[in-house]
Amino acid sequence: MTKKATEPGYDPIAMGRAIERVVVDGNKRKYAQLAKRLRFYGGVSSAVEVGCSLMACVFCFSDQPVRKPKKTGKFYTPQQVFDALDASAKKHGHKLISASASEATLGREHLFELLTLVDQSPYTFILETNGMNLGHDEEFAQQLARFRNLHVRVSIKGTDPEQYHRLTGARASSYALPFQALRNLIDAGVSCNACVMISFSDDDGIRAVQERLAAIHPGILKSLELEEITLFPKVAERLAKTGLEPTRVRLPGRRARVGRLSASAPQRLALS
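Just so we're aligned, residue -14 is where the sequence shown starts under the numbering used here, counting upward by one.
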């Protein structure tokens, strides 16, 4: 009897659960920084989370918050995070706040308490996610639907399953999860958009992923972001070690060509 072959790569759902045990403590979550000013979306105050379920992406700009979650950051309550974001947003005149650099869906209790505070404020929260948990658990998207001041940005790593596996180290089959996340969010009526990392893709690959997204809902292409990696020194070093060569990059200091969300009113996916 032959041993059944297993799919190469790690399971990002299982990885996310393991990382949660490191970066979540009850309603507290680890952050490396509580609030900083970013230029994306026309200006946003963002907290730097610790911990991601896709922790081996060779192109990721986030270093220690993703790769060394045990040694990075401190635990904060939702109120502490919101207060810091509120102070930054008032200082810089931002209407958008977010948490970025890791995976926002780790620590559901913390996230929901934070979003409850946002709903009592004038801000809109941009939830940045790789879509693994939201694609795996349809109920998660339904739970997010009760929050009014929320927009979800689903980041897709590459334009096909094999490329995704090479870039993230995760199982190729999990490439389907962010697409399912978008379907779940749309079905639940949650404001959302998709972002695809295209730095290792050709035009045919980009067209293919656009067609796959359009099959979920044609309106999703109106707010689609095609994102290129920023070639920070550590990113370039990692890529050199793996032999992966991007065809489309941004150099550090260049203005990002992402963020189609208006600072005054995030663009919502047309569901009609």
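Ideal Cβ positions, reconstructed from N, Cα and C, are used throughout, including at glycine.
For residue i, tell me which candidate among the options has the shortest Cα-Cα distance.
i	options	result
Asp(-4)	Ala20, Cys180, Leu39, Asn169	Leu39
Ala17	Lys59, Gln128, Tyr108, Val9	Lys59
Asn178	Leu198, Ser208, Ala166	Ser208
Pro(-7)	Phe185, Ile183, Glu147, Ala221	Glu147
Arg52	Lys76, Ser73, Glu88	Glu88
Ile141	Cys42, Ser31, Asp48, Val234	Cys42
Ala32	Ile201, Tyr108, Lys55, Ala86	Ala86
Asp10	Ile201, Gln64, Glu94	Glu94
Thr215	Ile183, Arg197, Ala199, Leu99	Ile183
Leu206	Arg133, Val139, Phe185	Val139
Lys76	Glu98, Leu99, Gly28	Gly28
Leu96	Gln65, Lys80, His121	Gln65
Leu135	Arg197, Asp188, Ser176	Ser176
Leu99	Asp172, Arg223, Thr(-9), Phe132	Phe132
Between residue i and residue j, what straight-line distance do the alpha-carbon atoms span, to the nearest angstrom?
i	j	result
Phe164	Gly190	16 Å
Arg22	Ile82	9 Å
Ala193	Leu167	17 Å
Asp68	Gly78	15 Å
Lys15	Phe46	18 Å
Thr101	Phe25	24 Å
Val137	Ile(-2)	19 Å
Tyr160	Ala74	35 Å
Gly204	Pro107	27 Å
Gly36	Val7	8 Å
Glu5	Leu112	17 Å
Ile171	Gly1	23 Å
Pro251	Leu211	Confidence in Pro251 is poor, its pLDDT being 41 and thus under 50, which makes the residue's placement unreliable; the coordinate value appears in the next sentence. When rounded, the distance between both Cα atoms is 17 Å.
Phe44	Gln128	31 Å
Tyr149	Asp188	16 Å
Should residue i be labelled buried (16 or more other beta-carbon atoms within 10 Å of its own) or exposed?
i	result
Asp71	buried
Arg156	buried
Glu34	buried
Ser158	exposed
Thr153	buried
Leu236	exposed
Thr109	buried
Ala84	buried
Pro54	buried
Val230	According to the sequence displayed, residue 230 carries Glu and not Val. With fewer than 16 other Cβ atoms within 10 Å, it is exposed.
Glu196	exposed
Thr144	buried
Thr114	buried
What does a CB cutoff of less than 7 Å around residue i pick up in its chain, not counting 5 residues either side in sequence?
i	result
Tyr61	Lys13, Arg14, Tyr16, Leu19
Lys219	Asp48
Pro63	Asn12, His95, Glu98, Leu99, Leu102
Pop quiz: residue i and residue j are said to be a contact at Cβ under 8 Å. What is the actual Cβ separation, rounded to whole angstroms?
i	j	result
Gly174	Ala130	5 Å
Glu213	Val181	The Cβ separation is near 10 Å, so there is no contact.
Leu162	Gly116	6 Å
Apart from the five residues on each side of it in sequence, which residues of its chain come closer than 8 Å, Cβ to Cβ, to residue i?
i	result
Phe125	Thr90, Arg93, Asn118, Leu119, Asn169
Arg223	Val43, Phe44
Between residue i and the rest of its own chain, which residues show a CB-CB distance below 6 Å, the 5 nearest in sequence each way excluded?
i	result
Gln49	Thr57
Asp104	Phe132, Arg133, Asn134
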